[in-house]
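Structure first, commentary second.
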Amino acid sequence: MGNATTADFRNGMVIRFNNELYTITEFHHVSPGNWRAFVRTRLKNLKNGRVIEQRFRAGEEIDEVRVEHQNWQFLYVDGSDYIFMNTESYDQQPIPKDMLGDAIKFLKEQDEVEMLVDGEKIIAVELPNFLALVVESAEPGVRGDTANNVTKPATLETGAVVNVPLFVNPGDRIRIDTRTGQYVERVK
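Listed below in structure tokens is the structure:
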């Protein structure tokens with residue numbers, strides 16, 4: 070754990086704030102006319118995934134947490150634990166379902182994820198921003214229902230249900246934004 074100031078802020082930086090670990094997702098230096106400058110931030114709690122907005126005085130000291138980014142591969146589910154393997158050391162580690170949050174609905178075996186590690190302790194699991202998944206089932210699109218940007222629900226190979234455009238059919242590979250859970254494009 071090292072000390073940093075608000076001038077050192079960058080996206081993705083992990084800090085300890087109110088005895089919890091947060092990652093900085095967004096920050097803006099603000100200096101209103103005759104008031105003191107401050108930094109407005111959006112912080113994501115690494116434990117529960119909640120996003121908060123917080124202001125820091127310009128130059129305020131913050132506890133920065135040095136974390137290591139490691140690549141891990143998802144192997145299988147064992148009860149309520151998800152088993153991952155470090156791609157460098159081949160160590161296997163069970164991760165509780167609640168630590169993965171909503172990301173588990175897009176996770177399939179052999180997918181690679183990035184884990185944030187503080188010493189020997191895994192503090193967060195990050196999926197790639199985009200994953201290509203196969204559509205298992207989707208209702209057929211009806212021609213003529215296109216007055217607006219019309220979507221239909223589709224079930225993916227992982228069991229997740231997302232809204233997709235009418236032209237997407239079962240068997241198609243589509244790209245999903247894992248941060249929002251939304252359809253991005255059809256993959257060839």
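Numbering (my numbering), first residue to last: 70 to 257. C-beta atoms are modelled at their ideal positions from N, C-alpha and C, and glycine is treated no differently.
Beta-bridge annotation (DSSP): N87 is not paired with any residue.
In the pairwise beta carbon analysis, the stretch 197 to 212 is classified as not touching the stretch 135 to 149: fewer than three pairs are separated by under 8 Å. It is roughly 8 Å from the alpha-carbon of I245 to the alpha-carbon of E254. Listed as beta-bridge partners of V146 by DSSP are Y151.
About 10 Å separates the Cβ atoms of I131 and A76, ruling out a contact at the 8 Å cut-off. For D132, the enclosing beta strand (DSSP E) stretches over residues 130 to 133. Taking C-alpha positions only, M168 is separated from N103 by approximately 44 Å.
In the displayed model, K174 falls within a helix according to three-state DSSP.
With fewer than 16 neighbouring CB atoms inside 10 Å of its own CB, V230 falls in the exposed class. DSSP places D167 in the uninterrupted alpha helix (DSSP H) bounded by 166 to 169. When the beta-carbon positions are compared, K116 and T94 stay at least 8 Å from each other. By a beta-carbon distance limit of 8 Å, G228 does not contact K166. Their separation comes to about 14 Å.
A Cβ-Cβ distance of about 11 Å is found for the pair I84 and V136, leaving them out of contact under the 8 Å criterion.
Secondary-structure assignment with DSSP links T220 through a beta bridge to P234.
Around the beta carbon of V182, 16 or more other beta carbons lie within 10 angstroms, which makes this residue buried. Residue burial is scored here from C-beta neighbours: T249 has fewer than 16 other C-beta atoms within 10 angstroms and is therefore classed as exposed. Minimum Cα-Cα distance from Q161 among the listed residues A172, G170, M184, P239 corresponds to M184. In this structure V194 is buried. Its beta-carbon is surrounded by 16 or more other beta-carbon atoms within 10 angstroms.
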